[in-house]
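Trainee: Here the working numbering runs 21 ahead of the position in the sequence shown, where the first position is 1.
Virtual Cβ for every residue (Gly too), placed ideally from N, Cα, C.
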Amino acid sequence: TLGNYAFGNCMRLTSATLVEQIEGGTTGASLKTLGAGTFYNCEALSSFVVPYSVMEIGDFCFKGCKSLEEITLTTDEDKGLGSSLEKIGYRAFEDCGSLKKLTLPASYKGAEGDATKGGKGGNVFHLSTVKGCGSLESIKTFDRNIQFVSDAPKGAGDNKAPGDGYNDGKGFVDGDYNF
Numbered sequence: 022t023l024g025n026y027a028f029g030n031c032m033r034l035t036s037a038t039l040v041e042q043i044e045g046g047t048t049g050a051s052l053k054t055l056g057a058g059t060f061y062n063c064e065a066l067s068s069f070v071v072p073y074s075v076m077e078i079g080d081f082c083f084k085g086c087k088s089l090e091e092i093t094l095t096t097d098e099d100k101g102l103g104s105s106l107e108k109i110g111y112r113a114f115e116d117c118g119s120l121k122k123l124t125l126p127a128s129y130k131g132a133e134g135d136a137t138k139g140g141k142g143g144n145v146f147h148l149s150t151v152k153g154c155g156s157l158e159s160i161k162t163f164d165r166n167i168q169f170v171s172d173a174p175k176g177a178g179d180n181k182a183p184g185d186g187y188n189d190g191k192g193f194v195d196g197d198y199n200f
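(1) Within the continuous beta strand (DSSP E) that includes LYS122, where are the two ends?
(2) For ILE78 and THR150, what's the separation of their Cα atoms in angstroms?
(3) So is LYS130 buried or exposed if we call it buried at 16+ other beta carbons inside 10 Å?
(4) Once DSSP output is grouped into helix, strand and coil, what is the label at VAL75?
(5) In three-state DSSP terms, what is GLY85?
(6) From ALA177 to VAL71, what distance separates their C-alpha atoms?
(7) For THR93, name the three-state secondary structure that DSSP assigns.
(8) Tell me the DSSP secondary structure of THR54 in three-state form.
(9) Thinking C-beta only, is LYS121 closer than 8 Å to SER88?
(10) With distances taken Cα to Cα, identify the nearest neighbour of ILE109 among GLY101, VAL40 and PRO126.
What follows is the structure, given as structure tokens:
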């Protein structure tokens, strides 16, 4: 695991290479998790390649990376292969205003993780993950079962406290959604 907020607030960090990507994987990487806020508020970070071995991107991992134009989650954007990524945490890319596209790899199991490996399952992608991404043009997925949900406040079908930001995946998006 790369620790929580390991590079948090490194506002002048322009690039980071954790391991070298090669055909079919990486050069001996064992990194499984990018912790919560790992690159939080790294305003100058413009691109990042998530290593093949990473299975989870933590909550707020890239939040506030205003210059982040490209995040590579898979080495094969045509088939979604070349990735171990299963889970993307809450608001992981929030306020990444320059991010243009997001391609979820075939290995992606939803925001709650793979139920067979201790996660809640559900195959959902919370649109709050990309809240404030004004340049985002598309989100591509290879799993027809992934459901894009809004994090509707109380009064939109949940019984939780106001402003909790989650309604158990009941805020399905049908049509356009503004980031």
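Mentor: Straight from the coordinates:
(1) Counting along the chain, the beta strand (DSSP E) containing LYS122 begins and ends at 122-124.
(2) 11 Å
(3) buried
(4) DSSP places VAL75 in the coil class of the three-state scheme, outside both helix and strand.
(5) GLY85 carries a coil assignment under DSSP once its states are collapsed to helix, strand and coil.
(6) Legend: pLDDT at ALA177 = 48, less than 50; position of this residue unreliable, no value from coordinates given.
(7) strand
(8) strand
(9) no
(10) The closest CA to that of ILE109, considering only GLY101, VAL40 and PRO126, is found on PRO126.
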